[in-house]
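Below is one structure, written out as structure tokens, with a few remarks after it.
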Amino acid sequence: MFATDLASIFSDALTQAFGPEAVVFAIAAIGLNIHFGYTGLLNFGQVGFMLMGAYGLGIGIAIWDQNWFVSIFIGVIFSLGLALILGFPTLRLRADYLAIVTIAAAEIVRLIARSKPMRGITRGAEGLNEWAGPFQDMTPWQNSTYDIGPMTYTKMQVFVVVFGWTLVALLVVFVYLLMSSPWGRVLKAIREDEDAARALGKNAYWYKMQSLMIGGVIGGFAGMLQVIGKGTVQPDTFVPQITFFAWTVLILGGAARVFSPVVGAIIFWFLLTIAEGLLRLLVETDWLPTSILNATDIGDFRFMFMGLALMLLMIFRPQGIFGDRAEMALDDK
Amino acid sequence: MTNSPTSTALSFEEVPGSKKSDPILTVDNLRRSFGGLVAVDVEHLEIQRGVITALIGPNGAGKTTFFNLLTNFDQPDTGTVLFDNEDVTGRPSHTLARLGMIRTFQLTKVMSKMTVIDNMKLGATGQAGESMWKGLIRPLWRDQESTIEKRADELLERFKLDHMRNEFAGTMSGGQRKLLEMSRALMADPKVVMLDEPMAGVNPVLTQSLLEHVKSLRDEGISVVFVEHDMDVVRDISDWVVVMAEGSVIAEGPHESIGANQAVIDAYLGTHHDSALDFEDGADLLNDGNTQ
Numbered sequence: 003m004f005a006t007d008l009a010s011i012f013s014d015a016l017t018q019a020f021g022p023e024a025v026v027f028a029i030a031a032i033g034l035n036i037h038f039g040y041t042g043l044l045n046f047g048q049v050g051f052m053l054m055g056a057y058g059l060g061i062g063i064a065i066w067d068q069n070w071f072v073s074i075f076i077g078v079i080f081s082l083g084l085a086l087i088l089g090f091p092t093l094r095l096r097a098d099y100l101a102i103v104t105i106a107a108a109e110i111v112r113l114i115a116r117s118k119p120m121r122g123i124t125r126g127a128e129g130l131n132e133w134a135g136p137f138q139d140m141t142p143w144q145n146s147t148y149d150i151g152p153m154t155y156t157k158m159q160v161f162v163v164v165f166g167w168t169l170v171a172l173l174v175v176f177v178y179l180l181m182s183s184p185w186g187r188v189l190k191a192i193r194e195d196e197d198a199a200r201a202l203g204k205n206a207y208w209y210k211m212q213s214l215m216i217g218g219v220i221g222g223f224a225g226m227l228q229v230i231g232k233g234t235v236q237p238d239t240f241v242p243q244i245t246f247f248a249w250t251v252l253i254l255g256g257a258a259r260v261f262s263p264v265v266g267a268i269i270f271w272f273l274l275t276i277a278e279g280l281l282r283l284l285v286e287t288d289w290l291p292t293s294i295l296n297a298t299d300i301g302d303f304r305f306m307f308m309g310l311a312l313m314l315l316m317i318f319r320p321q322g323i324f325g326d327r328a329e330m331a332l333d334d335k
Numbered sequence: 040m041t042n043s044p045t046s047t048a049l050s051f052e053e054v055p056g057s058k059k060s061d062p063i064l065t066v067d068n069l070r071r072s073f074g075g076l077v078a079v080d081v082e083h084l085e086i087q088r089g090v091i092t093a094l095i096g097p098n099g100a101g102k103t104t105f106f107n108l109l110t111n112f113d114q115p116d117t118g119t120v121l122f123d124n125e126d127v128t129g130r131p132s133h134t135l136a137r138l139g140m141i142r143t144f145q146l147t148k149v150m151s152k153m154t155v156i157d158n159m160k161l162g163a164t165g166q167a168g169e170s171m172w173k174g175l176i177r178p179l180w181r182d183q184e185s186t187i188e189k190r191a192d193e194l195l196e197r198f199k200l201d202h203m204r205n206e207f208a209g210t211m212s213g214g215q216r217k218l219l220e221m222s223r224a225l226m227a228d229p230k231v232v233m234l235d236e237p238m239a240g241v242n243p244v245l246t247q248s249l250l251e252h253v254k255s256l257r258d259e260g261i262s263v264v265f266v267e268h269d270m271d272v273v274r275d276i277s278d279w280v281v282v283m284a285e286g287s288v289i290a291e292g293p294h295e296s297i298g299a300n301q302a303v304i305d306a307y308l309g310t311h312h313d314s315a316l317d318f319e320d321g322a323d324l325l326n327d328g329n330t331q
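Here the protein sequences come in this chain order: U and D.
Heads up: the first sequence begins at 3 in the numbering used here, then just goes up one per residue.
Heads up: the second sequence begins at 40 in the numbering used here, then just goes up one per residue.
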């Protein structure tokens, strides 16, 4: 009895670890890795880029009646636009300014999207619904559920998982090629010392802008994938918390490593789900009295475990899973 | 080199702002103030091509600010800068670097978390692979990259840093960083190298080797301008000395005559040295402030 419970908790955790949420966060964190890991840009508004991508896609299909390809392109343009608007005034300034502006901008775009005057194109707080139907019918997976090993997904989840991880693989190759090129070398130089890079003839401003745009568009893809999976664009799914999850994913894996967002996302969702499953098991079997933990509080409580895991990571492996401690120690010099 | 340019470079008039036969840098009315403090106010200065020019002056004379103005790391209130007979006033720092004006910094700037060889490769300008789309396609920059790498290795050997090639630059000592910064500057094939206090915080033995390297730059035809406040250091290597004090150029000349120049002695030791203090200058300043 207990063993089967544990087995199902474990397979749930695996399902989540490779599931649609994990893949969305992996992609968002890949964008963030370009910003922070390689260029040193403090972007605390990655969710804003996700929102722009998601709304670009949703508005393209549901409001402007475009086909999928055009709508995806619109999503890309929206995310690029946000990058330009944020980058133009702030990238000439010190790094902190971008941090302040991005965190505010992500909230601003969400509030604009859900505002009444925007109902004409964003449908306000209701969000854009019932536009993903034809798309869902197009996918080759039409059974209601699919089992992949111990993992079980619905048909839309299967699409997001298969398409999403394929996209992740492509992005990993893309980031690897970029960062091992002289272009990537300039980005890292800017991260290390922007003035020195300028003194060596590198247009630091433009490189930072390019980095912000590429990472932003990748964030936009994460947003698109999320709303395709859910079949709806809801403004209130794009809250600041999402950005911090993406940061957690990145820090777990270790910044400036190609695979760290991918592995970080898998571990993040695995830990989150297994913590929830175990807590639920403890409560249901009365090992934990309800006076200590209520079944309804489990959802929040699991984040305390995530926090604990992060703290342990920072103490024992501050460089993240893929990072290099010797490299990290250079900061102190 | 036997026909060192030193012998000819010494024949210019020894007054502030004197004319040079072939100036690489010409500065006119360059002025920069921070609030009420005028940090730099240079009426006219020419820097001769192919020689080592030392820019000296006591602390706070405005040497580093002047450097920053020349390389556009700081923007002047007024004034023009000619580089190689081209007006470069207000050009962004990175375009100046691409034109061949490479500077170093007083607080050495190496990219700590990049390897020494990567630091070096970064110095090369005009790299095709530094454009994003070309960077994605390796065949477009592979050949250039190996040429750059070869040159970087040669320079590392010359500066005796080749044993550090694959180490993180952050693990280097202060002196090694100075050497790395200087050799990295050479990767760009500069016309003029501007060194901001290259000997600061470097032990005497390494200072000697740094000085030799600076001389070798000149012998390759690169113009060198360097900032220093220690007069002894410049004695060995400078062909021409420009002295700044309180933001202005107060004297110019070969180092032999600079040491005896009254204005320079006053600037270093203070005008009122050995004489009764009077506040005439200070009073003038105060009056200026009141009338404005």
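Beta carbons: idealized from backbone N, C-alpha and C, even for Gly.
Neighbourhood of residue i by C-beta, 6 Å cutoff - its chain only, sequence neighbours within 5 removed
i, result
"T351 (chain D)", "One cannot answer for residue 351 (chain D) here, as it falls past the ends of chain D, which runs 40 to 331."
"G325 (chain U)", "G256"
"G77 (chain U)", "G55, G58, L59, G222, M226"
"I63 (chain U)", "S73, W133"
"A28 (chain U)", "V170, P263, V264, A267"
"F12 (chain U)", "none"
"S222 (chain D)", "L194, F198"
"L23 (chain D)", "Nothing about residue 23 (chain D) can be reported from this structure: the residues present for chain D run from 40 to 331 only."
Whether residue i touches residue j by CB criterion (8 Å)
i, j, result
"G101 (chain D)", "A78 (chain D)", "yes"
"V231 (chain D)", "G139 (chain D)", "yes"
"T134 (chain D)", "T128 (chain D)", "no"
"V49 (chain U)", "P242 (chain U)", "yes"
"I216 (chain U)", "G42 (chain U)", "no"
"I32 (chain U)", "V235 (chain U)", "no"
"A311 (chain U)", "L281 (chain U)", "no"
"L250 (chain D)", "I276 (chain D)", "yes"
"G322 (chain U)", "T164 (chain D)", "no"
"T336 (chain U)", "G47 (chain U)", "The shown model of chain U, from 3 to 335, leaves out residue 336 (chain U), and the question about it has no answer."
"G2 (chain U)", "A15 (chain U)", "Nothing about residue 2 (chain U) can be read from this structure; chain U reaches only from 3 to 335."
"D80 (chain D)", "S287 (chain D)", "yes"
"G214 (chain D)", "S151 (chain D)", "no"
"I79 (chain U)", "I220 (chain U)", "no"
"T147 (chain D)", "K199 (chain D)", "no"
"V155 (chain D)", "M203 (chain D)", "yes"
"G96 (chain D)", "A284 (chain D)", "yes"
"L332 (chain D)", "L64 (chain D)", "Because chain D is modelled from 40 through 331, residue 332 (chain D) falls outside the range shown and cannot be assessed."
"L180 (chain U)", "G74 (chain D)", "no"
"E329 (chain U)", "F207 (chain D)", "yes"
Own chain, CB closer than 8 Å to residue i, minus 5 neighbours either side, in chain order
i, result
"P360 (chain U)", "This structure gives no information on residue 360 (chain U), because the portion of chain U shown stretches from 3 to 335."
"S146 (chain U)", "T156, K157"
"E295 (chain D)", "none"
"N332 (chain D)", "The structure shown has nothing for residue 332 (chain D), since chain D only spans 40 to 331."
"A127 (chain U)", "R116, P237, D238"
"E319 (chain D)", "In this prediction, E319 (chain D) has a pLDDT of 46, which is less than 50 and means its spatial position is unreliable; what the coordinates show is noted afterwards. Result list for E319 (chain D): empty, nothing under 8 Å."
Same chain, Cβ closer than 7 Å to residue i, neighbours up to 5 away in sequence not counted
i, result
"K190 (chain U)", "Y40"
"P131 (chain D)", "N111"
"Y209 (chain U)", "V188, L189, I192"
"W167 (chain U)", "V25"
"L256 (chain D)", "V232, V263"
"I14 (chain D)", "Nothing about residue 14 (chain D) can be read from this structure; chain D reaches only from 40 to 331."
"G129 (chain U)", "T234, V235, Q236, P237"
ask   = Are there three or more Cβ pairs, one per stretch, closer than 8 Å when the segment 249-266 of chain D is compared with the segment 83-98 of chain D?
value = yes
key: Three CB pairs or more closer than 8 Å across the segment 179-193 of chain U and the segment 128-148 of chain U   = no
request  = Give the residues from the segment 101-121 of chain D that approach chain C closer than 8 Å (Cβ to any Cβ), ordered along the chain.
outcome  = Annotation note: the requested chain C is absent from the structure, which comprises protein chains U and D.
request  = Run through the segment 216-270 of chain D for me and flag every whole beta strand (DSSP E) of 3 or more residues, listed as ranges in chain order.
outcome  = 231-235, 262-267
task = Write down every uninterrupted run of the alpha helix (DSSP H) in the segment 58-139 of chain D whose length is 4 residues or greater and which is fully enclosed by it, in chain order.
result = 102-109, 132-138
ask   = How about the segment 242-254 of chain U and the segment 75-85 of chain U: do they share at least three Cβ pairs that are nearer than 8 Å?
value = no
message = Tell me which residues of the segment 40-74 of chain U have at least one Cβ-Cβ distance to chain D shorter than 8 Å, keeping chain order.
response = none
ask   = Which runs of the alpha helix (DSSP H), 4 residues or longer, sit entirely within the segment 224-277 of chain U?
value = 242-255
ask   = Which residues, taken in chain order from the segment 149-162 of chain D, show a beta carbon closer than 9 Å to some beta carbon of chain U?
value = V149, M150, S151, K152, M153, D157, N158, K160, L161, G162
ask   = Looking at chain U, which residues of the segment 198-217 of chain D have a Cβ within less than 8 Å of any of its Cβ atoms?
value = F207, G209, T210
key: Entirely enclosed alpha helix (DSSP H) segments - the segment 140-168 of chain D, minimum 4 residues   = 155-161
task = Would you list, in chain order, the members of the segment 197-211 of chain U that have their beta-carbon closer than 8 Å to a beta-carbon of chain D?
result = D197, A198, A199, R200, A201, L202, G203, K204, N205, A206
inquiry  = Along the segment 170-182 of chain D, where does the CB come closer than 7 Å to a CB of chain U? Name the residues.
reply    = S170, M171, G174, L175, W180
key: Runs of alpha helix (DSSP H) wholly within the segment 81-166 of chain U (minimum 4 residues, chain order)   = 97-115, 121-124, 135-140
ask   = Going along the chain, which unbroken runs of the beta strand (DSSP E) with 3 or more residues stay wholly within the segment 172-214 of chain U?
value = none
inquiry  = Using a Cβ-Cβ cutoff of 8 Å, what residues of the segment 177-190 of chain U are near chain D? List them in chain order.
reply    = L179, L180, S183, P184, W185, G186, R187, V188, K190
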